[in-house]
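Just so you know, numbering that gives the first Met the number 0 puts 89 at position 90 of the sequence shown, and the rest follows in order with no gaps.
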Amino acid sequence: MSKTLWAAAAAIAFSLPAHAVTVVQWDFEGTTTPADLIDSTTSPSVAASLGTGTALGVHASALSDWTTPAGNGSANSLSSNTWAVGDYYQFSLATTGYLDVLVSFDQIGSSTGPRDFGLSYSTDGVSFTSFATYSLTGAPAWSSSTYSPVHTYSFDLSGVSALDEQALVVFRLSSLNTTSIGGGTVAAGGTGRVDNFTVMATPVPEAGTAAMLAAGLAVIGFVARRRRA
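As structure tokens, then:
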């Protein structure tokens with residue numbers, strides 16, 4: 000009897016959904032491909048291709064051009080030139096109903112484009128907290144037909160409880176200095192692209208599911224006590 004109870008409780012406890020799912024993604028394809036914009040400090044606003052959210056780029060220079068060249072194995076990405084320290088790509092979404100956030104994206108720069116970036120987050124769109132820094136590479140060049148994993152960056156923010164179940168979460172990819180991928184100073188024509196920005200998280204269990212989990216764990220505890228007796 001105890002083996003049967005153990006098996007039943009284990010089935011209840013470990014069959015419950017606890018895996019991350021995609022909450023929102025920007026792939027800049029199809030109807031979400033923005034029109035090119037020349038000489039503007041701010042890019043066009045880009046709706047998420049999956050889920051609900053808004054992306055945009057912000058530069059200090061009014062001479063910045065925003066274009067949509069080939070992505071990392073796809074037809075389009077979001078690209079810009081005239082980079083300065085503090086310029087960024089930004090992605091805004093909600094994590095209501097989700098926990099344990101994970102972020103991944105593809106990013107590349109030209110030989111005279113920015114190399115070093117920082118990932119930061121905010122829950123009010125005003126105050127940002129730095130999470131990680133990373134450096135881009137310019138090779139191999141992006142192709143619309145071939146995905147290159149070397150350009151994919153992934154960050155586990157599951158330990159940042161401040162991002163759980165928030166009505167607003169904002170991520171920024173900000174240029175940190177004037178060092179170019181080629182080793183010199185970022186040139187006005189140097190470009191940086193981003194593609195496939197994806198936010199994943201674990202759904203919060205529904206009340207009924209949580210009750211099932213509690214019941215399953217209670218049965219496991221009962222069986223364990225019986226075995227010790």
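Every residue, glycine too, gets a C-beta built ideally from N, C-alpha and C.
query = At what residues does the beta strand (DSSP E) containing D105 begin and finish?
reply = Y97 to G108
key: A54: first and last residue of the uninterrupted beta strand (DSSP E) it sits in   = G52 to V57
For N195 and P68, the rounded distance between their alpha carbons = 13 Å
task = Kindly list the residues whose CB is nearer than 6 Å to the CB of S42, restricted to its own chain and excluding five residues on each side of it in sequence; keep chain order.
result = If we look at S42 and ignore the five residues flanking it on each side, its Cβ neighbours are L55, G56 and W65.
T103 and T151 closer than 8 Å at C-beta = Correcting the residue identity first, residue 103 is Ser in this sequence and not Thr. Closer than 8 Å, so yes.
Endpoints, the beta strand (DSSP E) within which A23 is located = In the sequence on display, residue 23 carries Val and not Ala. From DSSP, the beta strand (DSSP E) with V23 extends over V20 to W25.
ask   = How is the beta strand (DSSP E) around F154 delimited, first residue to last?
value = T151 to L156
message = Less than 8 Å between C-beta atoms, sequence neighbours within five positions excluded: which residues of the same chain meet that for T31?
response = Cβ neighbours of T31 beyond the five flanking positions: W25, V45, A46, A47 and S48.
inquiry  = For L156 and F90, I'd like the C-alpha separation in whole angstroms.
reply    = About 15 Å.
ask   = Rounded to a whole number of angstroms, what is the C-alpha to C-alpha distance between V20 and E28?
value = Answer to the nearest angstrom: the Cα atoms are 21 Å apart.
key: Coarse secondary structure for S147, derived from DSSP in three states   = coil
ask   = Is the CB-CB distance between R192 and Q106 below 8 Å?
value = yes
key: Alpha carbon of G207 to alpha carbon of E164, nearest angstrom   = Its pLDDT being 49, under 50, G207 is placed unreliably by the model, and the measurement read from it follows with that caveat. Roughly 19 Å separates the two Cα atoms.
ask   = What is the rounded straight-line gap between the Cα of H18 and the Cα of P202?
value = Spanning the two alpha carbons is a distance of roughly 8 Å.
query = Quick one: is D99 buried, meaning 16 or more other Cβ sit within 10 Å of its Cβ, or exposed?
reply = buried
key: Residues of its chain near L62, where Cβ-Cβ distance is below 7 Å and the 5 sequence neighbours each way are ignored   = Around L62: D38 and T81.
ask   = Can we say the stretch 109 to 129 touches the stretch 182 to 189, given the rule of at least three CB pairs closer than 8 Å?
value = Yes, since at least three Cβ pairs between the stretch 109 to 129 and the stretch 182 to 189 fall closer than 8 Å, the two stretches touch.
key: Identity of the residue in Y120, E205, A140 and S160 nearest L92 by Cα   = Y120
query = In whole angstroms, what is the alpha-carbon distance linking N71 and S160?
reply = 31 Å
message = With a threshold of 6 Å on Cβ separation, who are the neighbours of A131 within its own chain once the five nearest residues in sequence on each side are excluded?
response = Correct list, in chain order: L118 and F154.
request  = Over the uninterrupted beta strand (DSSP E) stretch that includes L245, give me the two end residues.
outcome  = Nothing about residue 245 can be read from this structure; the chain reaches only from 0 to 228.
query = Taking only beta-carbon atoms, is P43 less than 8 Å away from chain C?
reply = Absent from the structure: chain C. Only one protein chain is present.
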